[in-house]
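Peer 1:
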Amino acid sequence: MYGYYDPPFSVEQEGISISVERTGDKWTYRRTSGKDEVEKLILGDRKRIIINPVEPLNTPKEITPNLLIEFEKTLLLAGGEKKQIFLTFPVEIGVFISDVGDKNPQLIDVLSLVRQKFTLYGEVSNGVVCKHWKSGIYSVSPSLNPLQEGIMELTLRNTSSDWASISKAVFSAYGMKLYYDGDVFMKARMDILNRNTAETGFEIQPINGEMGYLVKDQKIRKEAFGVYGLRKLGFVPLKFYMGWGF
Amino acid sequence: MGLLIPQDIGFLDHGLYSTSLGPVTCGNLIKFVLILSLSIILLRVLTIYLRRVLKDRVSKDVGEPILKLLYYGTLVVVFISILPLIGIDPSGLMLAGGVAGIVIGFASQNIVGNLVSGCFLMFERPIKIGDQVEVNGIAGYVTDIRIISTLIRTYDGLLVRIPNQQVFTTNITNIVGHPVRRFEYTIRIRYSDDASAAIWLIKDLIDQEPFALRNPTPSVFVNDLGESSVNITVRIWAPVSEWFGLKTRLLWNIKKTLEENGIEIPYPQRVLHIKSEPEKIQHVIEEPKEQQFIENEPVLNFEERVLN
Chain A
1 MYGYYDPPFS VEQEGISISV ERTGDKWTYR RTSGKDEVEK LILGDRKRII
51 INPVEPLNTP KEITPNLLIE FEKTLLLAGG EKKQIFLTFP VEIGVFISDV
101 GDKNPQLIDV LSLVRQKFTL YGEVSNGVVC KHWKSGIYSV SPSLNPLQEG
151 IMELTLRNTS SDWASISKAV FSAYGMKLYY DGDVFMKARM DILNRNTAET
201 GFEIQPINGE MGYLVKDQKI RKEAFGVYGL RKLGFVPLKF YMGWGF
Chain B
247 MGLLIPQDIG FLDHGLYSTS LGPVTCGNLI KFVLILSLSI ILLRVLTIYL
297 RRVLKDRVSK DVGEPILKLL YYGTLVVVFI SILPLIGIDP SGLMLAGGVA
347 GIVIGFASQN IVGNLVSGCF LMFERPIKIG DQVEVNGIAG YVTDIRIIST
397 LIRTYDGLLV RIPNQQVFTT NITNIVGHPV RRFEYTIRIR YSDDASAAIW
447 LIKDLIDQEP FALRNPTPSV FVNDLGESSV NITVRIWAPV SEWFGLKTRL
497 LWNIKKTLEE NGIEIPYPQR VLHIKSEPEK IQHVIEEPKE QQFIENEPVL
547 NFEERVLN
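Residue numbers (the working numbering), protein chains in the order written: chain A, 1 to 246; chain B, 247 to 554.
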């Protein structure tokens, strides 16, 4: 389903149907997913529709830019160690409209096929609300449904001298960079600073070509347009400081 | 025309009054008014420009106090620096401030009180623009925190202006002060229903709700054995922006789901044990009869006595 489409077109997969049809002098965007139906009118010609995975923080309502991934099993990492693991994360499907040459993309629709749940990270008085996701821990990249889940390559680095017991990680959507092609991929890091604090962020990827491609494990992935990435917000930290434990 | 110009210049140099700094002319007074007016206009333009620039970058509750501080702070600096034009020495003003302060203080006690409270409200920030608060029995959204007063839009859409002194000195309940809040239901079921099944169904419904937070964990438990029902308490945490919608939606879903599964909410009821009336009468009559018989046995009965 992910890709670039020139109207008119119609695409259907896993109960999701997306189409753009000509109605008179206008274009009509239609999307159905279960009982959910969206219809929008597009005024303007020579536009392109881009369907790609986006940060999982837009549905059912955008109330937080933070994603908390809870590990199915607690991880123990020795002091000074650096290890790489694979996690899963929820995927949302974003539909963008862009000008010729994929310039000026604008989000027109976003949907999700996975269960939504929120949680609080930290104290009631000053914690942060996060989107919640429970993930298994994998040593090799798992095979997943790209319309529902993505793969996160997480590099854990314990900068302290003590053992670290890790059961969750929180990420800020502002730094997320998603890549896709057959699967959905994200590369992140988590630095354990001391017994209770850690810092998470996303790796800056080497990008090839005009469209932005990521070469990883001999696989070429395309860079996805992100909802948060399009926002020109100043003073927003791209890293997340985990001050209430991990 | 040629004669008028020197006359105009003369008018500007015309002395109005004299002070320790020298004579104050019409020109000085016009200069003072012009500089002050231009400063106000420029500061207003600058504030509007900055408000537009900061709109997408800084939240309103942070941007507005900064802009107000910039506006009033600059205005005060400009005002003090042009005071010599009207013959007032700012350093003299400082000396006179002691006496003048007392006089002004008495005269404008409330205004100064509101002004100081306004400053404290801006720096301490117990409430922010956009917060949902309850101040002195007035509940609504904070639309603006001004130097003298705070504006609240009630849930009915009314605009209420509360003096800052009142806001600062009374109890403020900030409904959105914390990122999450808890709400509670009491669900009553019949004694004949399975409370464990009801708890399981309610927990499952909570689990399906995205905004019912996973942590802090929701709690569902039998809290009370009431007169006519088993009372189940349901406590759920939700993001402050979503709690009301969730509360109204979930309660109806719980009611529907419980009914679908044969668990009903009982009407208030009282069990009465009524003994049948004839039995009671027979019992009452019989007892004294026996007793009377035993007691009266050695004595003559009424009829016998009458006859004798």
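The beta carbon of each residue, even a glycine, is placed where N, CA and C say it ideally should be.
(1) For the stretch 40–52 of chain A against the stretch 131–149 of chain A, are there 3 or more C-beta pairs whose distance is under 8 Å?
(2) Output needed in chain order: residues of the stretch 449–466 of chain B with a Cβ under 7 Å from some Cβ in chain A.
(3) From this set, B:VAL486, B:ILE334, B:THR293, which residue's C-alpha is nearest LEU267 (chain B)'s C-alpha?
(4) What's the C-alpha gap between ASN196 (chain A) and ALA78 (chain A)?
(5) Suppose the cutoff is 7 Å on Cβ atoms and the five residues either side in sequence are ignored; what does the same chain contact list for GLY3 (chain A) look like?
(6) Can the beta-carbon of VAL486 (chain B) be found closer than 8 Å to that of PRO425 (chain B)?
(7) If I measure Cβ to Cβ from ARG30 (chain A) and keep anything under 6 Å in the same chain, skipping five residues before and after, which residues do I get?
(8) Could you tell me the distance, in whole angstroms, from the CA atom of GLY319 (chain B) to the CA atom of THR419 (chain B)?
(9) Between the Cα of THR64 (chain A) and the Cα atoms of A:GLY243, A:GLY245, A:VAL227, which residue gives the shortest distance?
(10) Does the beta carbon of PRO485 (chain B) sit closer than 8 Å to a beta carbon anywhere in chain A?
(11) Do three or more CB pairs link the stretch 81–89 of chain A to the stretch 255–264 of chain B at distances below 8 Å?
(12) Going along chain A, which residues have a C-beta under 9 Å from VAL299 (chain B)?
(13) Determine whether the beta carbon atoms of PHE429 (chain B) and LYS493 (chain B) lie at a separation below 8 Å.
(14) What number of angstroms, rounded off, separates the C-alpha of GLY212 (chain A) from the C-alpha of GLU203 (chain A)?
(15) The alpha helix (DSSP H) that contains LEU280 (chain B), what's its start and end?
(16) Once you ignore the five residues that flank GLY122 (chain A) on each side, which residues in its own chain have a CB closer than 8 Å to its CB?
(17) From ILE108 (chain A) to SER98 (chain A), what distance separates their C-alpha atoms?
(18) Taking DSSP's pairing of strands, which residues face MET186 (chain A) in a bridge?
(19) What three-state label does DSSP hand TYR138 (chain A) in the structure shown?
(20) What did DSSP end up calling VAL362 (chain B) once you bin it into helix, strand or coil?
(21) Do you know offhand how far TRP483 (chain B)'s Cα is from GLN355 (chain B)'s?
(22) By the 10 Å Cβ neighbour count, where 16 or more other Cβ atoms means buried, how is PRO514 (chain B) classified, buried or exposed?
(23) Compile a chain-ordered list of the residues in the stretch 100–130 of chain A whose CB is closer than 7 Å to at least one CB of chain B.
(24) Would you report the Cα separation of TYR241 (chain A) and ARG371 (chain B), rounded to the nearest angstrom?
(25) So that I know if they touch, is there some Cβ in chain B lying closer than 8 Å to that of SER60 (chain A)?
(26) ASP439 (chain B) and GLU505 (chain B): beta carbons closer than 8 Å?
(27) Between the stretch 497–519 of chain B and chain A, which residues of the former have a C-beta closer than 7 Å to a C-beta of the latter?
(28) Taking 7 Å as the limit between beta carbons, can you name the residues of its chain near THR503 (chain B), skipping five residues before and five after?
(29) Using a cut-off of 8 Å between C-beta atoms, extract the partners of VAL426 (chain B) located in chain A.
(30) Mapping DSSP to helix, strand and coil, what is TYR5 (chain A)?
(31) What residue ranges within the stretch 374–429 of chain B form continuous beta strand (DSSP E) runs of no fewer than 3 residues, ordered along the chain?
(32) Alpha carbon to alpha carbon, how far is TYR179 (chain A) from TYR5 (chain A)? Give it in angstroms, no decimals.
(33) Tell me the residue span of the beta strand (DSSP E) that contains SER98 (chain A).
(34) Quick one: which unbroken alpha helix (DSSP H) runs of 4-plus residues sit fully inside the stretch 478–506 of chain B? Chain order, please.
(35) Counting only C-beta atoms, is GLU488 (chain B) closer than 8 Å to chain A at any point?
(36) CB ILE394 (chain B) to CB ILE433 (chain B), shorter than 8 Å?
Peer 2: Concretely, from the data shown:
(1) no
(2) PRO456, PHE457, LEU459, ARG460, ASN461, PRO462
(3) B:ILE334
(4) 15 Å
(5) ILE51
(6) yes
(7) SER19, GLU39
(8) 30 Å
(9) A:VAL227
(10) yes
(11) no
(12) Simply none; closest approach about 10 Å.
(13) yes
(14) Caution is warranted here: a pLDDT of 48 is assigned to GLY212 (chain A), below 50, making its placement in the model unreliable, and the coordinate value is therefore given only provisionally. The alpha-carbon atoms of GLY212 (chain A) and GLU203 (chain A) are separated by roughly 15 Å.
(15) 272–300
(16) VAL128, GLY243, TRP244
(17) 10 Å
(18) A:MET152
(19) strand
(20) helix
(21) 45 Å
(22) exposed
(23) GLN116, LYS117, PHE118, THR119, LEU120, VAL124, SER125, GLY127, VAL128, VAL129
(24) 24 Å
(25) Sequence inspection shows Pro at residue 60 (chain A); the Ser mentioned does not correspond to that position. Yes, PRO60 (chain A) lies at the interface with chain B (some Cβ there is under 8 Å from its Cβ).
(26) no
(27) none
(28) LEU447, LEU451
(29) LEU120, VAL124, GLY127, VAL129
(30) strand
(31) 378–381, 384–391, 395–400, 405–409, 418–420
(32) 18 Å
(33) 92–98
(34) 489–506
(35) yes
(36) no
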